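These notes are about the structure you will find just below.
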Amino acid sequence: MFVGILTAPFSGEPLEVVAAFAGEHRFGSLEIVAGPGSKHIDTNNFTPERAKEVLTLMEKRNLRISSLAAYTDLTAADPERRRTNIQTVYNAISIAKMLGVDVVCTMAGLPPNGKDRMKTIEEDCTVVFPPLLEHAEKNGVKLALENWTATNIQNLAHWKRLFELIPNKNFGLNFDPSHLVWQGIDYIEAVDRFADRIFHTHGKDTEIKEHVKREVGILGHGWWRYVIPGLGVIRWGEYIAALRRNGYDGVISIEHEDSAVEREEGFLIGKKYLDQFIAYYA
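So in UniProt numbering, the last spot in the sequence shown is 282, and the numbers never skip.
In structure tokens:
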């Protein structure tokens, strides 16, 4: 197991900048943002020559690519937007093959126009994902969905239904415990139940302010926020032990969404904390 970086906070700078930072501080990998016009992986303009440049950069900085991050709304209500987003993920899969990367991370989509999540899974996801998964399988790639609360896989019942309807072995999760804990969902049990679907994981914590929650209630605002690993309520030792127990030996990719901590400092705080549980060094 190893600690990596999701490159999104460096999206305004070339890939070389985040690679230099990650290599200098002995991170194990990059989860590289991939999308139209991205300065890291441009899914509309990626060539074999650029693939060679990226691979040379990774070797120079002693980094691996844990996944390509193509987070986009695949169940968008607008048909043209949906087609564009699907093409982005399709292209990311093709680029992953060029780079020798076996995971593309994306989203399960957002419920269109307030549509019920379970209905969206049954009526939209079953149309969108099978062709992408077929393309991914042909290219030796797995699709990993981040379980962001706003998407169609908000809770474990949604996960269960999605994988019942789309059982492809290369269809799984980019597991993020921070989206579960504030909902009151047991993230350790979730690891145990869906272990064979965990292809990638995010390192993100959640701060919960109980005194605020007591005043505003669970439907109120301001009682929780996403923070750097170690600064919230996630029991990281127990969580990582559960991942190991279930055979996961991949990345904990730090997703920095903590507005209280500067970019580089946040990644370094997170790595220092997680390193007590993970002995890998680049």
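For each residue, glycine too, the CB sits at the ideal point set by N, CA and C.
Please read all numbers here as calculations on a predicted model, not as lab measurements.
Query                                                                                                             : Result
Short Cβ contact (8 Å threshold) for Phe2 with Gly28                                                              : yes
Local Cβ density within 10 Å of Arg81, reported as buried at 16 or more and exposed below that                    : exposed
DSSP state of Ser178 mapped onto helix, strand, coil                                                              : helix
Bridge-paired residues (DSSP) for Phe2                                                                            : Val251
Cβ-based burial, Gln276 [other Cβ within 10 Å; buried from 16]                                                    : exposed
Supposed close pair Ser253, Leu6 - CB separation, criterion 8 Å                                                   : 5 Å
Helix, strand or coil at Ala34 according to DSSP, with G and I counted as helix                                   : strand
Contact check, Ile198 vs Ala136, beta carbons under 8 Å                                                           : no
Selected residue, minimal CA-CA separation from Val89, among Gly35, Glu122, Cys125                                : Gly35
Straight-line gap, Arg263 to Val227 (C-alpha atoms, nearest Å)                                                    : 12 Å
Distance, Phe46 Cα to Ile95 Cα                                                                                    : 7 Å
Close-in-space but distant-in-sequence residues of the same chain around Asp73 (CB under 8 Å, 5 per side omitted) : Arg81, Arg82, Asn85, Met107, Gly109, Leu110
Which listed residue (Asp124, Lys272, Trp148, Gly140) has its alpha carbon closest to that of Asn113              : Asp124
Beta bridge counterpart(s) of Gly172 as assigned by DSSP                                                          : Ala144
Through-space distance from Ala20 to Glu164, alpha-carbon basis                                                   : 42 Å
C-beta contact flag for Leu15 and Leu57 at 8 Å                                                                    : yes
For Ala69, the first and last residue of its enclosing beta strand (DSSP E)                                       : 64 to 69
Inter-residue Cα distance where the pair is Gly232 and Lys115                                                     : 32 Å
Integer Cβ distance of Gly4 from Val251, believed to fall under 8 Å                                               : 4 Å
Residues sharing a beta bridge with Cys105, DSSP                                                                  : Ala69, Ala144
Distance, Glu59 Cα to Ala282 Cα                                                                                   : Low local confidence applies: a pLDDT of 48 at Ala282 is under 50, so the model's placement there is unreliable, with the coordinate-based value given in what follows. Roughly 11 Å between the two C-alpha positions.
When Ser259, Val261, Ala241 are compared against Leu274, the one with the closest alpha-carbon                    : Ala241
DSSP three-state assignment for Arg263, whether helix, strand or coil                                             : helix
8 Å CB neighbourhood of Glu238 in its chain, flanking five on each side removed                                   : Ile188
Beta-carbon proximity list for His158, same chain, < 7 Å, skipping 5 on both sides                                : Arg117, Met118, Ile121, Asn152
Identity of the residue in Val127, Arg26, Glu53, Thr43 nearest Ala76 by Cα                                        : Val127
Arg214 - DSSP class collapsed to helix/strand/coil                                                                : helix
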